[in-house]
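Asks: Going by our numbering, the first residue of the sequence shown is number 7, and it counts up by one from there.
I have a structure I would like to understand better, so I am pasting it below and will then ask my questions one at a time.
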Amino acid sequence: ALTGPLQWFDYRAGWIEAQPQLFGDIVVARKDIPTSYHLAVVIDDHIQGVTLVTRGEDLFHATHVHRLLQALLGLEPPRYYHHNLIADSQGRRMAKRNRAVTLRHLRDRGRSPEDIWRLLGLVEVGQPARV
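Structural data, given as structure tokens:
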């Protein structure tokens, strides 16, 4: 039985109390697909021994559901880092599906790896990049 609050740690937000009830019933499997994104990433991360999940802030809220699934399956939760999304000058998320500018394009235009790390919020302005 699950007792007490579920928590998870995000390197930007600190300790978070999971509130999966905010999402209501989620689909974890259907007849036409073998599994859902939520169940797949939880199991994949566990099987691969992932201890740090780094992904965009657009997936921050999905972690509430992932934490519940981890607890129900008896899996140790990884730590998380949800980075800023890079946006274009109109504020649109830069993503492959939107045919956005690529890392190669940014580097060809003179952006250093440190500049790109800063765009993602992985390095504070004025601090050296640590890779």
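We put the CB at the ideal spot given by N, CA and C, even for glycine.
Computed from a prediction, not measured in an experiment: that's the story for all the values here.
Taking the beta carbon of H88 as the centre, do at least 16 other beta carbons fall within 10 Å, making it buried, or is it exposed?
Replies: In the assembly as shown, H88 is a buried residue. Its beta-carbon has 16 or more other beta-carbons within 10 Å.
Asks: V137 by DSSP, collapsed to three states: which one?
Replies: Residue confidence for V137 is low, a pLDDT of 40 falling below 50, so the modelled location carries little weight and cannot support an answer.
Asks: Could you tell me the alpha carbon to alpha carbon distance between R103 and T9, rounded to whole angstroms?
Replies: Going by C-alpha positions, R103 is about 41 Å away from T9.
Asks: Could you tell me whether the Cβ atoms of P40 and E23 are closer together than 8 Å?
Replies: no
Asks: Please work out which residues of its chain come closer than 7 Å, Cβ to Cβ, to H72, disregarding the five sequence neighbours upstream and downstream, and give them in chain order.
Replies: H44, V47, V48
Asks: For the beta strand (DSSP E) holding R61, just list the boundary residues, first then last.
Replies: 58-62
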